[in-house]
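**Student:** The sequence shown begins at 3 in the numbering used here and counts up by one.
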Amino acid sequence: MRYFGAGLLLGAVLVAFVAGVVGAVPQALVPAPVRWALLGAAALAVLARECGLLAFRVPENARLVPEDVQHLREWGALQFGFEMGTGMRTYSPSALPHLVLLAVVLVVPFPAAFAVAAGFAAGRLAMPLLSHAWSDDGAWTAVWDRTQARVRPVLALTVVVALAGIMLGA
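1. By DSSP, does Ala124 sit in helix, in strand, or in coil?
2. Please determine, among Ala115, Ala151, Gly83, Ala105, the residue with the shortest C-alpha to C-alpha distance to Leu131.
3. Buried or exposed: which applies to Met3, given that a residue is buried once 16 or more other Cβ atoms fall within 10 Å of its Cβ?
4. Here's the rule I'm using: 16 or more other beta-carbon atoms within 10 Å means buried, otherwise exposed. How should Arg152 be labelled?
5. Is it buried or exposed, Met129, if we count other Cβ atoms within 10 angstroms and call 16 or more buried?
6. Suppose you measure from the CA of Trp77 to the CA of Ala8; what does that come to, to the nearest Å?
7. Just mark Phe58 as buried or exposed, buried being the case when its beta carbon has 16 or more other beta carbons within 10 Å.
8. Please name the residue in Val15, Ala114, Ala47 whose C-alpha comes closest to that of Gly87.
9. Whole angstroms are fine: how far does the CA of Trp142 sit from the CA of Ala2?
10. Taking buried to mean at least 16 other C-beta atoms within 10 Å of its own C-beta, is Leu101 buried or exposed?
11. Could you tell me if Arg75 is buried or exposed, where buried requires 16 or more neighbouring beta carbons within 10 angstroms of its beta carbon?
12. Under 7 Å, do Leu127 and Leu41 count as touching if we go by C-beta distance?
13. May I ask you to report which of helix, strand or coil DSSP gives Arg75?
14. Ser133 by DSSP, collapsed to three states: which one?
15. Touch check for the stretch 44–55 and the stretch 153–168: three-plus C-beta pairs under 8 Å?
16. For a minimum of 4 consecutive residues, which ranges assigned as the alpha helix (DSSP H) are wholly contained in the stretch 26–51?
17. Taking the alpha carbon of Gly54 as the point to measure from, which residue in Ala144, Pro95, Ala39, Gly25 has its own alpha carbon closest?
This is the structure:
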């Protein structure tokens, strides 16, 4: 898991760097109220999606995840983590990573983009850690299926509040 987590962080930092560089253009040219309004509209749409009030697809690569990351050798786990950290491998059941990426492009100051990347990597690492610690019989998936209708809105609200805190603090 160490190598997988390191790969996640490296991939997320790379995406944050690129998004921060690309985001320098709209942050320099588009007035702040317009950028905040765009992000606010996107945040409302994502909150509605995560609460089950709206349904829309999000871009995803939809590559399968290996059954057991722990059995990958170190470099394989690092590569797999990097791919997940960049979004190049995995399904995307949530629009939250897309909202965070939009925030980095539109409003998050460049240095804070790396804090966002670390938070994304930590959140991404939480699911396989919890799943692995739970059991090998698939019970974690059953627990998630039963509780996700309540957990997804809480996660979405947490992300929106965290983004607002990062932006207000910068």
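A virtual CB, placed ideally from N, CA and C, is assigned to each residue, including glycine.
**Tutor:** Taking the structure as given:
1. Helix.
2. The shortest C-alpha separation from Leu131 is found at Gly83.
3. Met3 comes out exposed.
4. With fewer than 16 Cβ atoms within 10 Å of its Cβ, Arg152 is classed as exposed.
5. With fewer than 16 other Cβ atoms from the protein chains shown falling within 10 Å of its own Cβ, Met129 counts as exposed.
6. The straight-line gap from Cα to Cα measures roughly 11 Å.
7. Exposed, by the Cβ-count rule.
8. Considering only alpha carbons, the answer is Val15.
9. Residue 2 lies beyond the residue range present for the chain, which begins at 3 and ends at 172; the question has no answer from this structure.
10. The residue in question, Leu101, is buried, as its Cβ has 16 or more Cβ neighbours within 10 Å.
11. With fewer than 16 Cβ atoms within 10 Å of its Cβ, Arg75 is classed as exposed.
12. Not in contact: Leu127 and Leu41 (Cβ atoms no closer than 7 Å).
13. Here DSSP, grouped into helix, strand and coil, assigns Arg75 to coil.
14. In this structure, Ser133 counts as helix in the three-state DSSP scheme.
15. Pairwise C-beta distances place the stretch 44–55 in contact with the stretch 153–168, as three or more of them are shorter than 8 Å.
16. If we require 4 residues or more, the stretch 26–51 turns out to have no alpha helix (DSSP H) run fully inside it.
17. Ranking Ala144, Pro95, Ala39, Gly25 by Cα distance to Gly54 puts Pro95 first.
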